[in-house]
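Heads up, the thing below is written out as structure tokens.
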Amino acid sequence: MILPIFLVFSLLSSTSNAALQDFCVADLTGPDTPTGFVCKKPAAVTVDDFVFSGLGVGGNTSNIIKAAVTPAFADKFAGVNGLGISMARLDLAVGGVVPMHTHPGGSEVLIVVSGSICAGFISSDNKVYLKSLKKGDIMAFPRGLLHFQINAGGAPALAFVSFSSERPGLQILDFALFANDLPSEIIETTTFLDDAQVKKLKGVLGGTG
């Protein structure tokens, strides 16, 4: 009987602590710590902290992947700090692709606004979940799993993305392998690619070694 009572009081205590303040708007002039940004003083908070206008403008897709992601994460959108939510805009030119990547900090939901997008993810047991999405379609990508988006049509595509974290993080697989100084022989051994392929990809993405 004591244990259930203890659990109830623990839950009430944690709920009370969570409700001590309504929000924690990020103080972007302060340090970015491993636990996130510190809160602005309440007197310094304004309505503009909860408004972000950056997703109304298309991103620059003149790059190697012909894609642009415009994030509204806590480091740019102070009002979402501590709320466990954020958004981004995804622009895909014709032939554009967001390569295999993960968000270690949050799950993702994508909604197609225009064009068509081929999207998918791979589960931890290597099962592929793949779908061609059209305007109005929504797809979810579970936290931490490898996933991608490709423009599947002959016109530019636009999508908006929401995350279950104010800072979901991002690691693009191709860049992690070929855009740094990880020795080529290590990549060749762990990926079964030959030396010429690795050197070519390092040259394209700016890697060395």
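Last residue of the sequence shown: number 208 in numbering that gives the first Met the number 0, and the count goes up by one each step with no gaps. Backbone N, C-alpha and C define an ideal beta-carbon position, used for all residues, glycine too. In this text, all values refer to a predicted model and were calculated from it rather than measured experimentally.
On the CB-based measure, 16 or more other CB atoms within 10 Å of its CB, does residue i come out buried or exposed?
i: S131; result: exposed
i: I186; result: buried
i: P256; result: Absent from the structure is residue 256, since the part of the chain shown begins at 0 and ends at 208.
i: S85; result: buried
i: G55; result: exposed
i: P70; result: buried
i: A158; result: buried
i: L176; result: buried
i: E184; result: exposed
i: K39; result: buried
i: G83; result: exposed
i: F191; result: exposed
i: K201; result: buried
i: G29; result: exposed
i: L129; result: exposed
i: G208; result: exposed
i: V127; result: exposed
i: S122; result: exposed
Provide the residue span of the beta strand (DSSP E) that contains residue i, from first to last.
i: T190; result: Careful: T190 lies outside any beta strand (DSSP E), inside the alpha helix (DSSP H) at 183-190.
i: L157; result: 156-162
Give every residue of the same chain whose Cβ lies closer than 6 Å to the Cβ of residue i, excluding the five residues on either side of it in the sequence, and list them in chain order.
i: C117; result: S131, I149, A151
i: G78; result: V24, D48, F49
i: F162; result: S85, G105, E107
i: I171; result: P98, H100
i: V68; result: A87, L89
i: G57; result: D90
Quick test of your reading: residue i and residue j, contact by CB under 8 Å. State the CB separation rounded to the nearest angstrom.
i: V24; j: N80; result: 6 Å
i: P167; j: H102; result: 4 Å
i: L91; j: F120; result: Their Cβ separation, rounded to whole angstroms, is 17 Å, which puts L91 and F120 out of contact at 8 Å.
i: S106; j: A139; result: 7 Å
i: F108; j: I63; result: The sequence shown places Val at residue 108, not Phe. So it is not a contact: roughly 27 Å between Cβ atoms.
i: F51; j: F22; result: At roughly 15 Å, the Cβ-Cβ gap does not stay under 8 Å, so F51 and F22 are not in contact.
Over the uninterrupted alpha helix (DSSP H) stretch that includes residue i, give me the two end residues.
i: L169; result: Looking at the DSSP string, L169 is not in any alpha helix (DSSP H), and its letter there is neither H nor E.
i: V44; result: It is not in any alpha helix (DSSP H) - V44 carries neither H nor E in the DSSP assignment.
i: V56; result: Neither: V56 is in no alpha helix (DSSP H) and is coded neither H nor E.
i: D194; result: 194-204
CB-CB under 8 Å to residue i, same chain, minus the five flanking residues each way: which ones, in chain order?
i: V96; result: I64, K65, A66, F147, Q148, I149, N150
i: G94; result: K65, N150
i: Q196; result: none
i: V203; result: I63, F177
i: D31; result: D74
Within its chain, find whatever has a CB closer than 7 Å to the CB of residue i; leave out the 5 residues flanking it on each side and keep chain order.
i: S113; result: K134, A156, L157
i: N179; result: G206
i: N59; result: A67
i: F36; result: A25, D26, L27, G29, A73, N80
Enumerate, from N- to C-terminal direction, the unbroken beta strand (DSSP E) stretches of 3 or more residues contained entirely within the segment 65-98.
-> The qualifying runs are 66-71, 85-91.
List in chain order: all unbroken beta strand (DSSP E) runs of 3+ residues lying wholly within the segment 90-151.
-> Within the segment 90-151, the complete beta strand (DSSP E) runs of at least 3 residues are 96-101, 107-113, 116-121, 127-132, 137-140, 146-150.
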